[in-house]
Amino acid sequence: MDERQAEALAKVIGGEAWQSGSGIYDVALRRPDGSIVVFSDDLVAEYPDDDAFDAAQPSASIMLRDDPTEYWVIQDEEGGVMLADPDHGRGWPSEDEAEHEARGIASRTGLKTWARRQRLEDTLPAKAP
Numbered sequence: 003m004d005e006r007q008a009e010a011l012a013k014v015i016g017g018e019a020w021q022s023g024s025g026i027y028d029v030a031l032r033r034p035d036g037s038i039v040v041f042s043d044d045l046v047a048e049y050p051d052d053d054a055f056d057a058a059q060p061s062a063s064i065m066l067r068d069d070p071t072e073y074w075v076i077q078d079e080e081g082g083v084m085l086a087d088p089d090h091g092r093g094w095p096s097e098d099e100a101e102h103e104a105r106g107i108a109s110r111t112g113l114k115t116w117a118r119r120q121r122l123e124d125t126l127p128a129k130a131p
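Just remember that our numbering sits 2 ahead of the position in the sequence shown, which is counted from 1.
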């Protein structure tokens, strides 16, 4: 979602809008028990605490859209594919965000990476040899 949408949603639910990268905004709502609910344009996720949020390990989540052709993945020079959310088999919602992540991975690891449109086979589990 864009900044305007995130700010409007944050106002309605009493949460906080924040930029997650490449112009993509999310909204976080901290509950009195310390849990965090995050709303993005394609997912609502609940995290029991800050540690789970930092580790990207939600206790529950709801996909708002599930068409893998709408997502972008990161591929490396060895043929490996990285997803933003492997548990749900989805990549990044925008090419810009995936490219930003690919550049970060390349700078940290030296591995050549790039963004490409997600294909159905990217969501299927790898077959054992």
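Glycine included, each C-beta is placed from N, C-alpha and C at the ideal position.
DSSP places Asp43 in the coil class of the three-state scheme, outside both helix and strand.
Taking C-beta atoms under 8 Å as the contact rule, Asp78 and Leu113 qualify, at a distance of about 5 Å. When C-alpha distances from Val40 are compared across Pro88, Ala19, Thr125 and Trp116, the shortest belongs to Ala19.
By the neighbour-count criterion, in which 16 or more other beta carbons inside 10 Å mark a residue as buried, Val29 falls on the buried side. For Gly25, the closest alpha carbon among the candidates Asp35, Leu66, Pro34 and Asp43 is that of Asp43. Residue pairing by DSSP places Glu48 opposite Val39 and Ala62 in a beta bridge.
Rounded to whole angstroms, the separation of the alpha carbons of Trp74 and Glu48 is 23 Å. Non-local C-beta neighbours of Ala104 in its own chain, meaning closer than 8 Å and more than five positions away in sequence, comprise Ile76, Thr115, Trp116 and Ala117, ordered along the chain.
Relative to Pro60, the option among Gly81, Leu66 and Ile38 whose CA is nearest is Ile38.
DSSP places Arg121 in the coil class of the three-state scheme, outside both helix and strand.
By the neighbour-count definition (other C-beta atoms within 10 Å, threshold 16), Arg110 is an exposed residue.
Burial check for Ala62: the Cβ neighbour count within 10 Å stays below 16, so the residue is exposed.
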